[in-house]
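Numbering (our numbering), first residue to last: -17 to 367. For every residue, glycine included, the Cβ atom is placed at its ideal position computed from N, Cα and C. Keep in mind the model is a prediction, meaning the values are calculated, not measured.
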């Protein structure tokens, strides 16, 4: 039987970036859809913006990752990388006051421009082109549904037919395969649209949504522009199913010949928000994509080896009573890793996080404590008292 050194489940931006880091290894990608990047990664506007505001761990991670991502994409896909800057426009006076209050904490230079603040460090990329390039020449099985995984004889067995030494799971909001209650991912659904317009835009803007520069010239003086994305959080599973059923009545992707796109209230909402930034002339909707961002409770990503909660609590039952145990003593699944919870900043975070995850797997380099699974596990344990 063939044994892979690495198998990655999921080919969104997280899985694709990890695959790129492992491209010279004996590697297989498993993807449940007929194409890669069909979930949130496919629906991403892929805007690479700085995080503003008060200093904290998340802001530090995002802005360090942004610099890394800009350099990474410029080398990887120069023709699909647009380092055009972003005009950040406060939504209201309260937001403007917050910016002024924390402007000394900004990690990047800016200049006042029009109604906002212009940061030349910002950029955007074409999501599908990026993901396709990342996994070029890497073995991948499409339309493959992973129903179960188990570890025996020093190997991971996937559906009892694919075998590997190291298993990396990057499945976004779909976490049932992991079987661990402490891994809590909140799906935040959203829609992104591509339009054509006779309005030509030289830089990105962000107010209540993101409006891209004109990144492609079309026929008859028209330009292609991206607008995204909406946000839908649901308080119950029933509400989410209702939303998904409504989406099922429309195609996941539209062309400008399909007038059904006008049915989407999200599309109309995005156009309204974009026009609040800049009046767009002679607009036609070219493409609509939807997906669910995978978000953690504290917005920080989830990275690294999985903790075996059952075995850990068998060894240290007093964890439930609040006793402390060093994270190094937690029992972990052998050779099982995840990268998840990238939220709406997947294209910013994935290149850097993939690099440090692979460095951890290969060289046992320690991961930053604030983004490992340890915090989720301890939060869950405290509630299990």
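### Task
Specify, as a first and last residue, the run of the beta strand (DSSP E) that residue 148 falls within.
Taking the chain shown and counting its residues from 1, the one referred to as residue 148 is at position 166. Start and end: 144 to 151.
### Query
Cα separation between residue 352 and residue 358?
As a first step, residue 352 is located in the chain shown; it is residue number 370 there, counting from the start. As a first step, residue 358 is located in the chain shown; it is residue number 376 there, counting from the start. If you take the alpha carbons of residue 352 and residue 358, they lie about 10 Å apart.
#### Entry: Host alpha helix (DSSP H) of residue 59 (start-end)
Counting from one through the chain shown, the residue named residue 59 turns up at place 77. Residue 59 -> no alpha helix (DSSP H), and no H or E assigned at all.
### Task
May I have the straight-line CA-CA distance separating residue 171 from residue 213, to the nearest angstrom?
Numbered from 1 along the chain shown, position 189 holds the residue referred to as residue 171. Numbered from 1 along the chain shown, position 231 holds the residue referred to as residue 213. Cα to Cα, the separation comes out at about 6 Å.
### Task
Only counting runs of 3 or more residues, tell me where the beta strand (DSSP E) segments fall wholly within the region 58 to 95, in order along the chain.
68 to 70 and 93 to 95
### Task
Check whether the Cβ atoms of residue 147 and residue 317 sit closer than 8 Å, and answer yes or no.
Here residue 147 corresponds to residue number 165 of the chain shown, with the count starting at 1. Here residue 317 corresponds to residue number 335 of the chain shown, with the count starting at 1. A contact, by the Cβ cut-off of 8 Å.
### Query
What's the C-alpha gap between residue 340 and residue 91?
In the chain shown, counting from the first residue as 1, residue 340 sits at position 358. In the chain shown, counting from the first residue as 1, residue 91 sits at position 109. Whole-angstrom Cα-Cα distance: 32 Å.
### Message
Determine, for residue 50, whether the minimum Cβ-Cβ distance to residues of chain D falls below 8 Å.
### Response
Among the chains of the structure shown, chain D does not appear; only one protein chain is present.
### Query
At what residues does the beta strand (DSSP E) containing residue 173 begin and finish?
In the chain shown, counting from the first residue as 1, residue 173 sits at position 191. Run containing residue 173: 168 to 179, per the beta strand (DSSP E) assignment.
### Task
Whole angstroms is fine: what's the gap from residue 333's alpha carbon to residue 0's?
As a working mapping, residue 333 is identified with position 351 in the chain shown. As a working mapping, residue 0 is identified with position 18 in the chain shown. Going by the C-alpha atoms only, they are around 8 Å apart.
### Task
Identify which residue in 74, 73 and 56 has its Cα closest to the Cα of residue 66.
The residue labelled residue 66 in the question sits at position 84 within the chain shown. When only C-alpha atoms are compared, the closest one is 56.
### Task
For the alpha helix (DSSP H) containing residue 364, list its first residue and its last residue.
What you label residue 364 is simply residue 382 of the chain shown in a count that begins at 1. Residues 356 to 365.
#### Entry: Classification of residue 130 by the beta-carbon crowding that lies within 10 angstroms, buried from 16 upward
Stepping through the chain shown from its first residue, residue 130 is reached at position 148. When all chains shown are included, residue 130 counts as exposed.
### Query
Which of the three DSSP states, helix, strand or coil, is assigned to residue 103?
What you label residue 103 is simply residue 121 of the chain shown in a count that begins at 1. DSSP places residue 103 in coil when its eight states are reduced to three.
### Task
Use the C-beta contact count for residue 217: other C-beta atoms within 10 angstroms, 16 or more gives buried, fewer gives exposed.
Residue numbering aside, residue 217 sits at position 235 when the chain shown is read from its first letter. Exposed: under 16 other Cβ atoms inside 10 Å.
### Query
Is residue 114 helix, strand or coil by DSSP?
In the chain shown, residue 114 corresponds to position 132, counting from 1. Reduced to three states, the DSSP call for residue 114 is helix.
### Task
Kindly indicate which three-state DSSP category residue 248 falls into: helix, strand or coil?
Numbered from its first residue, the chain shown carries residue 248 at position 266. Residue 248: helix per DSSP, three-state reduction.
### Message
Is the separation between the beta-carbon of residue 276 and that of residue 155 shorter than 8 Å?
### Response
For the purposes of this step, residue 276 is taken as residue 294 along the chain shown, with counting starting at 1. For the purposes of this step, residue 155 is taken as residue 173 along the chain shown, with counting starting at 1. A contact, by the Cβ cut-off of 8 Å.
### Query
For residue -2, which residues of its own chain have a beta-carbon under 6 Å away from its beta-carbon, when the five flanking residues on both sides are left out?
By 1-based counting over the chain shown, the position of residue -2 is 16. Here the set comprises 113, 116 and 117.
### Query
Rounded to the nearest angstrom, how far is the Cβ of residue 107 from that of residue 59, given a contact under 8 Å?
For the purposes of this step, residue 107 is identified with residue 125 of the chain shown, where counting begins at 1. For the purposes of this step, residue 59 is identified with residue 77 of the chain shown, where counting begins at 1. Between residue 59 and residue 107 the Cβ distance is about 7 Å, and since that is below 8 Å, they are a contact.
### Query
Leaving out the 5 sequence neighbours to the left and right, which residues in its chain are closer than 8 Å to residue 44 when beta-carbon positions are compared?
By one-based count along the chain shown, residue 44 stands at place 62. These residues qualify, in order along the chain: 32, 33, 327, 330 and 331.
### Task
Determine the contact status of residue 184 and residue 27, defining contact as a CB-CB distance below 8 Å.
Here residue 184 is taken as the residue at index 202 of the chain shown, counted from 1. Here residue 27 is taken as the residue at index 45 of the chain shown, counted from 1. No, Cβ-Cβ distance for residue 184 and residue 27 is not below 8 Å.
### Distance between beta carbons of residue 119 and residue 128, contact taken as under 8 Å
As a working note, residue 128 is residue 146 in the chain shown. As a working note, residue 119 is residue 137 in the chain shown. The Cβ separation is near 23 Å, so there is no contact.
### Query
To the nearest whole angstrom, what separates the beta carbons of residue 12 and residue -14, a pair I think is in contact under 8 Å?
As a working note, residue 12 is residue 30 in the chain shown. As a working note, residue -14 is residue 4 in the chain shown. Rounded, the Cβ-Cβ distance is 10 Å, inconsistent with contact.
### Task
Report buried or exposed for residue 324, applying the criterion of at least 16 other Cβ atoms within 10 angstroms of its Cβ.
Looking up residue 324 in the chain shown gives position 342. Its Cβ being crowded by 16 or more others within 10 Å, residue 324 is buried.
### Query
Does the beta-carbon of residue 308 have 16 or more other beta-carbons within 10 angstroms, so that it is buried, or is it exposed?
Position 326 of the chain shown holds residue 308. Classification of residue 308: exposed, given that the 10 Å Cβ count is below 16.
### Query
What distance in whole Å lies between the Cβ atoms of residue 160 and residue 151, which are believed to be in contact at a cut-off of 8 Å?
For the purposes of this step, residue 151 is taken as residue 169 along the chain shown, with counting starting at 1. For the purposes of this step, residue 160 is taken as residue 178 along the chain shown, with counting starting at 1. Sure, about 7 Å apart at Cβ, within 8 Å.
### Message
Tell me which residue opens and which closes the alpha helix (DSSP H) that residue 342 is part of.
### Response
Residue 342 sits at position 360 when you count from the first residue of the chain shown. Start and end: 328 to 345.
### Message
Spatial neighbours of residue 274 within its chain, please: C-beta separation below 8 Å, excluding the five flanking residues on both sides.
### Response
Locating residue 274 in the chain shown gives position 292, where the first residue counts as 1. Excluding residues within five positions, the ones whose Cβ falls inside 8 Å are 21, 22, 154, 155, 169, 170, 171 and 172.
### Task
Taking residue 208 as part of the beta strand (DSSP E), name the residues at either end of that continuous run.
As a first step, residue 208 must be located in the chain shown, where it is residue number 226. That run of the beta strand (DSSP E) goes 205 to 210.
### Query
If you run the structure through DSSP and keep just helix, strand and coil, what is residue 193?
Mapped onto the chain shown, residue 193 falls at position 211. Strand at residue 193.
#### Entry: Whole-angstrom distance between residue 25 and residue 100, CA atom to CA atom
The residue you call residue 100 lines up with position 118 of the chain shown. The residue you call residue 25 lines up with position 43 of the chain shown. Looking at the two C-alpha atoms, the distance is approximately 25 Å.
### Query
Run through DSSP, which three-state label would residue 315 get?
One-based indexing of the chain shown puts residue 315 at position 333. Three-state DSSP puts residue 315 in a strand.
### Task
Using beta-carbon positions only, say whether residue 178 and residue 266 come within less than 8 Å of one another.
Start at 1 with the first residue of the chain shown, and residue 178 comes out as number 196. Start at 1 with the first residue of the chain shown, and residue 266 comes out as number 284. Yes, Cβ-Cβ distance for residue 178 and residue 266 is below 8 Å.
#### Entry: Integer Cβ distance of residue 30 from residue 105, believed to fall under 8 Å
As a position in the chain shown, residue 30 is number 48, starting the count at 1. As a position in the chain shown, residue 105 is number 123, starting the count at 1. Contact flag correct, Cβ pair sits at about 5 Å.
### Message
What does the alpha-carbon distance come out to for the pair residue 205 and residue 84?
### Response
Looking up residue 205 in the chain shown gives position 223. Looking up residue 84 in the chain shown gives position 102. Taking the straight line from one Cα to the other gives about 36 Å.
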